[in-house]
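Undergrad:
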Amino acid sequence: MMTPFFSLTTMNFFQSIPFPYLYNKKAKQLGLWLIWLWGFILIGVSFYATQLMPFTSSFKGQIKKTMLFNGELVDSPTITIFTAPKPFVATVGERQALAIRSWIGVSPDISVVLFSQDPSVFSFAESLSHRVSVEPNIDFTFLGTPFFHSMVARSKASSSDVSVVIDPDTILLPDFIKTIRHAHKLDHDWLLFSSSKSVPHFPFRLDADGKHWLRDDGSRMKTQKLQDFLSQEWKWNLCEGKMLIAWNNGDLPLHKGVLPPFLYGKGLHNRWLINEALLSDFRFVFDATWAISNLHLNDLDHDFNRASEDFLGQGAGKRFWEVAGNSDLAMLYGSLYFHEQNFSNIFRLFQCRGCYLFINPAQMVVYPLRYKGSLSLRKEVMSMSTREKNTLECVDTIRSTEGAKDCSVKDYMNVSMPISLSLSLEILLSLRADKNKTVVLAVVGYNYKDMLMSWVCRLYHLQISNFLVCALDDDIYDFSILQGLPVFKYANLETKISFDNCHFGTECFQKVTKVKSRMVLQILKLGYNVLMSDVDIYWFKNPLPLLSSFGPAVLVAQSDEYKLTGPINLPRRLNSGFYYAHSDAMTIAAIDKVVKHAASSNLSEQPSFYDTLCGEGGCNRIDDSRCLEPQTNLTVQFLDRDLFPNGAYKDLWQERSVKEACLMKDCFIIHNNWISGRRKKLERQVSSGLWEYDMSTRMCLQTWHKTKFVYF
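Take 148 as the starting number for the sequence shown in my numbering and just add one per residue.
(1) What does a CB cutoff of less than 8 angstroms around F429 pick up in its chain, not counting 5 residues either side in sequence?
(2) If I'm right that S440 touches L320 with Cβ under 8 angstroms, what's the distance once you round it to whole angstroms?
(3) Answer with buried or exposed for K224, where buried requires no fewer than 16 other C-beta atoms within 10 angstroms of its C-beta.
(4) In three-state DSSP terms, what is E730?
(5) Assuming F262 and A231 form a contact by the criterion Cβ under 8 angstroms, report the distance between their Cβ atoms to the nearest whole angstrom.
(6) Using 8 angstroms as the Cβ pair cut-off and three pairs as the minimum, do the region 266-281 and the region 337-345 touch?
(7) Assuming contact is defined by CB atoms lying nearer than 8 angstroms, are S297 and S310 in contact in what I supplied?
(8) Can the beta-carbon of H818 be found less than 8 angstroms from the beta-carbon of N722?
(9) Taking C-beta to C-beta, are Y675 and K582 nearer than 8 angstroms?
(10) Near Y685, what residues of its chain come up, given a Cβ to Cβ distance below 6 angstroms and the 5 sequence neighbours on each side ignored?
(11) In this structure, what does DSSP give as the bridge partners for Y514?
(12) Using CA atoms only, rank isn't needed, just tell me which of Y593, A795, D683, Y757 is closest to T782.
(13) Express the C-alpha separation of H608 and S755 in angstroms, rounding to a whole number.
(14) Please report the straight-line C-alpha distance between Y840 and V603, rounded to a whole angstrom.
(15) Roughly how far, in whole angstroms, is the beta-carbon of K828 from the beta-carbon of E752, given that I think they are within contact range, below 8 angstroms?
(16) CA-CA distance, V805 and K663?
(17) Let's test the definition: count the other Cβ atoms within 10 Å of the Cβ of T317 and tell me whether it reaches 16, buried, or not, exposed.
(18) DSSP puts F785 in a beta bridge; with which residues?
(19) Would you kindly work out how many angstroms separate the C-alpha atoms of K358 and Q374, rounded to a whole number?
(20) From I285 to P633, what does the alpha carbon distance come to, in whole angstroms?
(21) Hey, is the region 767-775 in contact with the region 783-803, meaning 3+ C-beta pairs nearer than 8 angstroms?
(22) Taking the Cβ atom as the reference point for each residue, do L339 and A424 lie within a distance shorter than 8 angstroms?
(23) Run through the DSSP bridge pairs and tell me what H818 is partnered with.
(24) Which of the three DSSP states, helix, strand or coil, is assigned to E865?
(25) Do you know how far the Cα of T436 is from the Cα of C499?
(26) How close, in whole Å, do the beta carbons of D621 and G592 come, if the pair is a contact with beta carbons under 8 angstroms?
(27) Considering only C-alpha positions, which residue in the set T288, F294, F287, Q264 is nearest to V281?
(28) Rounded to whole angstroms, what's the CA-CA distance from A355 to Q243? Just pull it up for me.
(29) Quick check: what's the CA-CA separation for V741 versus T759?
(30) CA-CA distance, N613 and L799?
(31) Does DSSP put A924 in a helix, a strand or coil?
(32) Write down the C-beta distance between H331 and D308 rounded to the nearest angstrom, noting that I regard them as a contact closer than 8 angstroms.
(33) For H729, count neighbouring Cβ atoms within 10 angstroms of its own Cβ and tell me buried if that reaches 16, exposed if not.
(34) Going by C-alpha to C-alpha distance, which of V677, V682, N716, E708 sits closest to G698?
(35) Helix, strand or coil: how does DSSP classify I226 here?
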């Protein structure tokens, strides 16, 4: 419609000019040129106006995602690569930096998330583009080792099209992105894995842009020549070693059940995830080892293995203790054993003369990527086309480079080996105490393992890391190690702790509580201040600044008085489940008296605290909230119950919202006591919403909140 309009207007213009020679042929050509000129001007104005419109960036994103690939238009998926690097120092840091730069250089659609709490990792990420970020809000051990199950949970929550979990020093080449793009075409949710190849040396570096590999002399190395070089150098084992795992973020889960709390870089967590994905049969699982070039230097293998054993403080060999509990070991063993014979029969994706094909080793059949026909690999096939012959040659090459197929896990399942954290109490104190030489101590048995984890998760959320766990039995000691907690064992307990019958008033309770004052005394003598806290106490905020402000020679304790009026330091109202003790001569002497008094008593330690420090019947009371022990001159300060309420004060646990009621009072803590029985305590705390631990996923709810934005 534009051309006739401009043609008519232009002709009228020329006819109005009084010179006859303008009606010749050249005049008509000039008119046509003016028409084209006006058209280009209008197109330019329209394009400029489009740039100013709000949907432009989104429109650009859609254009970017559609690109020409191998001669056809394909969607380029967004990819997030997740890894947990070691600190960026020395050779390890250099190798990790090279690997991560190789990832973001492969495609602009790749972003990287680094799981770490180490400052050097944050510094490294800041030195790169916005495509590399650090995620510190997952579950780590107290020595900084991330949990694999927490890494996977965060990865599954990604908004990208594809998630990838990879070792931090694994280098990727361009065939990685090509393979992911082909996998993204599949019409079914999928999970792929690729074993990393080990090379003795890698004499190449990336250019400044991170897109091209350079030789030592600065000349570019073509990708094909680089792969030819590596094909002569690399080797891998399908059953062990480093591995890349990727999946599309579709509707189907990766597997059934719960991923055990493996420590990242230890054990067989990659094998477990692959086998469970196979067993669950939700997704199409295939091996892309022959399609993806991911490699690492084998001179770092020794350092990698040593680092994975540092958590124990000694070489662990092929110990397989990185899952929590014997039931988990049984489940894990059953899963791996079930697929032990079938691991080598997984579909394999490989590239043959520019085409991507799947091979089914069990059926000896090759399928194109989109399953349009198949090719039998059986020897009885008499006549074949050139394409079929080329395919068979590729398959023969793959078979010759497969490596070991013995994927038995029996050697790893030495469950009888004891679990041990080779760190003494003195070393743990030096590692965990804050700058004021203060630690938070929890003394707990296996019967309170879930409450312990909820308590720990709450401290993590408040960014309180200076806590220690004293284990009263072997089960809670093993459990705490497997959960990555700083734990030491009390070895002199004279009674077995009952799982459901160790509540207030029982003989078990009396003996267990006396351990607390003994451990506090031992730590005080080592020069550290102690905040003793039972694990049935919910912390709203950090009380340490307030408690430490009372100074030396003052023991600050929670009051167990339930009456709303009157003194809060009446006889035997000192709660020994929450108190702060300073490491000074007067406090140590007073706690020593408490320990000796409790040793000769047939009651719990709580009466011994009051009778020793405040005197029998309260004869050492100096006002309604304090006592003074005359021999040691130690002052006992009872805490304000509005700030530190016990389980019976103002019936706070009966409120419709316990959290809101306590926050209105500006509480520091609330004690889940004045209720008998572990199960009742557990039910009350969970139902109230003052619970921080997901017992099914074995992850902190607040960590889950930060990664999936679904809780609270």
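By construction, the Cβ of each residue, glycine as well, lies at the ideal position given by its N, Cα and C atoms.
TA: Once the coordinates are examined:
(1) Taking the sequence shown and counting its residues from 1, the one referred to as residue 429 is at position 282. Answer for F429: D336, L399, P400, L401, H402, K403, listed in chain order.
(2) Here residue 440 is taken as the residue at index 293 of the sequence shown, counted from 1. Here residue 320 is taken as the residue at index 173 of the sequence shown, counted from 1. Going by Cβ atoms, the distance from S440 to L320 rounds to 4 angstroms, so yes, they are a contact pair.
(3) The count along the sequence shown starts at 1 and reaches residue 224 at position 77. The amino acid occupying residue 224 in the given sequence is Pro; Lys does not appear at that position. So P224 counts as buried.
(4) In the sequence shown, the residue the question calls residue 730 occupies position 583. First, the amino acid is wrong: residue 730 is Ser here, not Glu. It is coil, neither helix nor strand.
(5) Counted from its first residue, the sequence shown places residue 262 at position 115. Counted from its first residue, the sequence shown places residue 231 at position 84. Contact flag correct, Cβ pair sits at about 4 angstroms.
(6) no
(7) Within the sequence shown, the letter at position 150 stands for residue 297. Within the sequence shown, the letter at position 163 stands for residue 310. No, they are not a contact pair.
(8) Counted from its first residue, the sequence shown places residue 818 at position 671. Counted from its first residue, the sequence shown places residue 722 at position 575. Yes. Within cutoff.
(9) As a position in the sequence shown, residue 675 is number 528, starting the count at 1. As a position in the sequence shown, residue 582 is number 435, starting the count at 1. No, the Cβ-Cβ distance between Y675 and K582 is not below 8 angstroms.
(10) As a first step, residue 685 is located in the sequence shown; it is residue number 538 there, counting from the start. For Y685, where only same-chain residues beyond five positions count, the Cβ hits under 6 angstroms are I817, L837.
(11) In the sequence shown, the residue the question calls residue 514 occupies position 367. DSSP lists F505 as partners of Y514.
(12) On the sequence shown, residue 782 is found 635 positions in, with the first residue counted as 1. With distances taken between Cα atoms, T782 lies closest to Y757.
(13) Within the sequence shown, the letter at position 608 stands for residue 755. Within the sequence shown, the letter at position 461 stands for residue 608. One C-alpha to the other measures close to 34 angstroms.
(14) Locating residue 840 in the sequence shown gives position 693, counting from the first residue. Locating residue 603 in the sequence shown gives position 456, counting from the first residue. Answer to the nearest angstrom: the Cα atoms are 9 angstroms apart.
(15) Position 681 of the sequence shown, counting from 1, holds the residue named residue 828. Position 605 of the sequence shown, counting from 1, holds the residue named residue 752. In fact, because the Cβ distance is near 19 angstroms, the residues do not count as touching under 8 angstroms.
(16) In the sequence shown, residue 805 corresponds to position 658, counting from 1. In the sequence shown, residue 663 corresponds to position 516, counting from 1. Computed Cα separation, rounded: 28 angstroms.
(17) The residue given as residue 317 occupies position 170 in the sequence shown. Buried, since its Cβ has 16 or more Cβ neighbours within 10 Å.
(18) Here residue 785 corresponds to residue number 638 of the sequence shown, with the count starting at 1. Paired residue(s): A704.
(19) In the sequence shown, counting from the first residue as 1, residue 358 sits at position 211. In the sequence shown, counting from the first residue as 1, residue 374 sits at position 227. Using only the alpha carbons, I get a separation of about 15 angstroms.
(20) For the purposes of this step, residue 285 is identified with residue 138 of the sequence shown, where counting begins at 1. For the purposes of this step, residue 633 is identified with residue 486 of the sequence shown, where counting begins at 1. Each residue's Cα considered, the two are about 17 angstroms apart.
(21) Cβ pair count under 8 angstroms is three or more, so yes.
(22) For this step, residue 339 is matched to residue 192 along the sequence shown. For this step, residue 424 is matched to residue 277 along the sequence shown. Going by beta carbons, L339 and A424 fall outside the 8 angstroms limit.
(23) For the purposes of this step, residue 818 is taken as residue 671 along the sequence shown, with counting starting at 1. For H818, which the question treats as bridged, DSSP gives the partners I684.
(24) Since the first residue shown for the chain is 148 and the last is 859, residue 865 is missing from the structure and cannot be characterised.
(25) Walking along the sequence shown from the start, residue 499 turns up at place 352. Walking along the sequence shown from the start, residue 436 turns up at place 289. Each residue's Cα considered, the two are about 13 angstroms apart.
(26) Taking the sequence shown and counting its residues from 1, the one referred to as residue 621 is at position 474. Taking the sequence shown and counting its residues from 1, the one referred to as residue 592 is at position 445. Their Cβ separation, rounded to whole angstroms, is 10 angstroms, which puts D621 and G592 out of contact at 8 angstroms.
(27) Start at 1 with the first residue of the sequence shown, and residue 281 comes out as number 134. Minimum Cα distance to V281 is reached at Q264.
(28) Residue mapping note: residue 355 aligns to position 208 of the sequence shown, counting from 1. Residue mapping note: residue 243 aligns to position 96 of the sequence shown, counting from 1. So the alpha carbons of these two residues sit roughly 16 angstroms apart.
(29) For the purposes of this step, residue 741 is taken as the residue at position 594 of the sequence shown. For the purposes of this step, residue 759 is taken as the residue at position 612 of the sequence shown. In a straight line, the C-alpha of V741 is about 6 angstroms away from that of T759.
(30) Taking the first residue of the sequence shown as position 1, residue 613 is located at position 466. Taking the first residue of the sequence shown as position 1, residue 799 is located at position 652. L799 has its alpha-carbon roughly 29 angstroms from the corresponding atom of N613.
(31) Since the displayed the chain opens at 148 and closes at 859, residue 924 lies outside it and no answer follows.
(32) As a first step, residue 331 must be located in the sequence shown, where it is residue number 184. As a first step, residue 308 must be located in the sequence shown, where it is residue number 161. The Cβ separation is near 7 angstroms, so the contact holds.
(33) As a first step, residue 729 must be located in the sequence shown, where it is residue number 582. Counting Cβ neighbours within 10 Å, H729 comes out buried, since at least 16 surround it.
(34) Working through the sequence shown from its first residue, we reach residue 698 at position 551. Nearest C-alpha to G698: V677.
(35) Residue mapping note: residue 226 aligns to position 79 of the sequence shown, counting from 1. In the structure shown, I226 sits in a strand (DSSP, three-state: E or B).
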